[in-house]
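As structure tokens, the structure follows; a few thoughts come after it.
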Amino acid sequence: MTNPVGYWRHNALEVSTIKTITTRLSSIHTYPIYIQAASSVSGQSKEPDMIMLLATLIVIVLLSALLQTWASSKAMAAIPGRLGWPIIGETFSFITEFSSPAGIHSFIKKRQQRYGKVFKTSVLGRFTVFMAGSEASKILLTGKDGMVSLNLSYAGRQVLGPTSLLHQNGEAHKRLRRLIAEPLSINGLKKYFQFINNLAIETLNQWQGREVLVLEEASTFSLKVISNMIMSLEPTGEEQEKFRANFKVMSLSFSALPLKIPGTAFYCGIQARNRMYAMLDSIIAQRRTGDNFQQDFLESLVNKHNKHGYGGEDDDKLTDAQLKDNILTLLVAGHDTTTAALTWLIKFLEENPAALERLREEHREIQASGSSLTWSDVNNMPFTNKVISETLRIATILPWFSRKAAEDFTIDGCKIKKGWSTNLDVVSIHHDPALFPDPQKFDPSRFDEPLRPFSFLGFGSGPRMCPGINLAKIEICIFIHHLVCRFKWKPLEKDDSVLPTLVRMPRNKYPIMVEPLMRSSKPVPGAKAR
Numbered sequence: 001m002t003n004p005v006g007y008w009r010h011n012a013l014e015v016s017t018i019k020t021i022t023t024r025l026s027s028i029h030t031y032p033i034y035i036q037a038a039s040s041v042s043g044q045s046k047e048p049d050m051i052m053l054l055a056t057l058i059v060i061v062l063l064s065a066l067l068q069t070w071a072s073s074k075a076m077a078a079i080p081g082r083l084g085w086p087i088i089g090e091t092f093s094f095i096t097e098f099s100s101p102a103g104i105h106s107f108i109k110k111r112q113q114r115y116g117k118v119f120k121t122s123v124l125g126r127f128t129v130f131m132a133g134s135e136a137s138k139i140l141l142t143g144k145d146g147m148v149s150l151n152l153s154y155a156g157r158q159v160l161g162p163t164s165l166l167h168q169n170g171e172a173h174k175r176l177r178r179l180i181a182e183p184l185s186i187n188g189l190k191k192y193f194q195f196i197n198n199l200a201i202e203t204l205n206q207w208q209g210r211e212v213l214v215l216e217e218a219s220t221f222s223l224k225v226i227s228n229m230i231m232s233l234e235p236t237g238e239e240q241e242k243f244r245a246n247f248k249v250m251s252l253s254f255s256a257l258p259l260k261i262p263g264t265a266f267y268c269g270i271q272a273r274n275r276m277y278a279m280l281d282s283i284i285a286q287r288r289t290g291d292n293f294q295q296d297f298l299e300s301l302v303n304k305h306n307k308h309g310y311g312g313e314d315d316d317k318l319t320d321a322q323l324k325d326n327i328l329t330l331l332v333a334g335h336d337t338t339t340a341a342l343t344w345l346i347k348f349l350e351e352n353p354a355a356l357e358r359l360r361e362e363h364r365e366i367q368a369s370g371s372s373l374t375w376s377d378v379n380n381m382p383f384t385n386k387v388i389s390e391t392l393r394i395a396t397i398l399p400w401f402s403r404k405a406a407e408d409f410t411i412d413g414c415k416i417k418k419g420w421s422t423n424l425d426v427v428s429i430h431h432d433p434a435l436f437p438d439p440q441k442f443d444p445s446r447f448d449e450p451l452r453p454f455s456f457l458g459f460g461s462g463p464r465m466c467p468g469i470n471l472a473k474i475e476i477c478i479f480i481h482h483l484v485c486r487f488k489w490k491p492l493e494k495d496d497s498v499l500p501t502l503v504r505m506p507r508n509k510y511p512i513m514v515e516p517l518m519r520s521s522k523p524v525p526g527a528k529a530r
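Residue numbering for the sequence shown follows full-length UniProt numbering, beginning at 1 and increasing consecutively.
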């Protein structure tokens, strides 16, 4: 998981260095109290000495940052591009363009036109090399021959914990991914179909005849699904409200400066994460003793991979810390991308009436059978799946994937050194006319035929492909089925700008007015999400 503002895990001035300096400065701040007490005895004040020490430390920090900046810029001299001002780099341009309608693509495209598909830059204190094209995709996403490893941001590592799947590489990553693969498989998800279906109906029953912020509704829907699937959290009630409130605060910390200072978004996010961990501690303890048996994702991990019980091979056993870190990781992964994809899809359908009508035809044929939506129906929606893919292509909700070079390698004539941060520019690939003619046009028929390898990266590719791909598609297919069969909608304002977050989402949360279709003017009865 790449976090644009989380780039504070930098090469020019590492966060660990800042943390050390901050700790020492805090000590210095309190030290004069002791000195003053001593000086009352000696009659001498040490205050000038402390000021001098503080000034010296500041100078050392700045000189260290400048020295590292100079060393890194010298090492990257052969890579096209510019690093901007010392320490600051091109941060101001990056932040300004990140929130524009084109998002990060605007920042990248200007530099690609000037320097080519591979260029260097420095943003938010980190030196990095941006890449585009199928060759870069193959190297960075498949991890060919161990050339790259995941480059999780400092904020991501702090919030998600050291044993998170997103923090692992090599065999450790393969092991964890294997453990969670079964519950997220098509067969593993089948038992949650009725819950998701009922929740979609219940959610849409509240939309009729009112203004709706689609992003907010999609967020609530997807979080209720993933929290119930993982730990059987009921979709309503006090526990759900507390959980959602803490999750929302924690989510903001991914795009905040990672400074653990009371009152900051990052500090509040860590505190919210700790409250969620306390909640998980109680749930896991009950599952370990068998006091609260549930047929959910957590139960399968506790029973099959019990570190303190029986069953499973030694390598399959997970500690409570591992369970908590990876449950939190799945909650984040299962919420953010689905929320964004569902919101953009609803927006693009309204803007493309022909695609919407063809989609309605597919779902009316399902309705024509006279029975309720079934699991078999969800797995037989070919045009709907093409609409999902085209939405992910145009919106490119994950605009880049971040990796770290595990060894030296060469791409497009540029030598990348071990330890360098590298980012795969997904937007340029998804909007390449050579791969997708007329790339700005919403055209689901692009997916009628197989695509070239590494040209569509909506869910990533290779060993790091999104493990929740099946869940995301099932949620969207079910929700869209009930939406297009029952309602029509129109936007209340036009605004194509995006939020300055890793996962691209509409800044205005896409407000719409919802009206019933003539053939379906009544709420669907009897739907209770259980």
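Where a beta carbon is used, it is the ideal one built from N, C-alpha and C, also for glycine.
These figures come from a predicted structure and were not determined experimentally.
By the Cβ criterion, the segment 81-99 is not in contact with the segment 414-430, since fewer than three pairs of Cβ atoms, one from each stretch, lie closer than 8 Å.
Secondary structure at Lys174: helix, using DSSP grouped into helix, strand and coil. Looking at the DSSP output, Lys488 bridges to Glu515. Inclusion of Lys117 and Met76 in the CB contact set at 8 Å is not warranted, their separation being larger than that value. At the C-beta level, Ala278 and Ala265 stay beyond 8 Å of one another. Thr121 is bridged by DSSP to Thr128. Per DSSP, the continuous beta strand (DSSP E) segment holding Ile411 begins and ends at Phe409 to Ile411. Residue environment analysis places Ile51 among the exposed positions, since fewer than 16 neighbouring C-beta atoms fall within 10 angstroms of its C-beta. Met147 is a Cβ neighbour of Ala406, given a cutoff of 8 Å. For Val427, the secondary structure class from DSSP, reduced to helix, strand or coil, is helix.
Note that the C-beta distance between Leu165 and Leu424 is not below 8 Å. Residues Asp336, Thr337, Ala340, Ile397 and Leu398 of the same chain have their beta carbon placed closer than 7 Å to that of Val503, with the five preceding and five following residues left out of the count.
Remark: fewer than three beta-carbon pairs, one from each stretch, lie closer than 8 Å, so the segment 316-335 and the segment 198-208 are not flagged as touching. Under DSSP, the beta-bridge partners assigned to Glu211 are Met513. At the C-beta level, Leu184 and Gly460 stay beyond 8 Å of one another. For Trp375, no pairing in a beta bridge is given by DSSP. Contact annotation: Ser421 and Thr220 have beta-carbon atoms that are not nearer than 8 Å.
Shown here, Cys268 sits in a helix according to DSSP, grouped into three states. Assignment of Arg275 by DSSP, reduced to helix, strand and coil, places it in the helix class. Exposure of Asp448 is indicated by the presence of fewer than 16 other C-beta atoms within 10 angstroms of its C-beta. In this structure, Ile411 lies away from Ser137, with their beta-carbon atoms at least 8 Å apart. Under the three-state reduction of DSSP output, Trp420 falls in the coil class, being neither helix nor strand. In the DSSP assignment, Trp344 falls within the unbroken alpha helix (DSSP H) covering Asp320 to Glu351. Fewer than three Cβ pairs drawn from the segment 363-382 and the segment 241-254 lie within less than 8 Å of each other, which leaves the two stretches out of contact.
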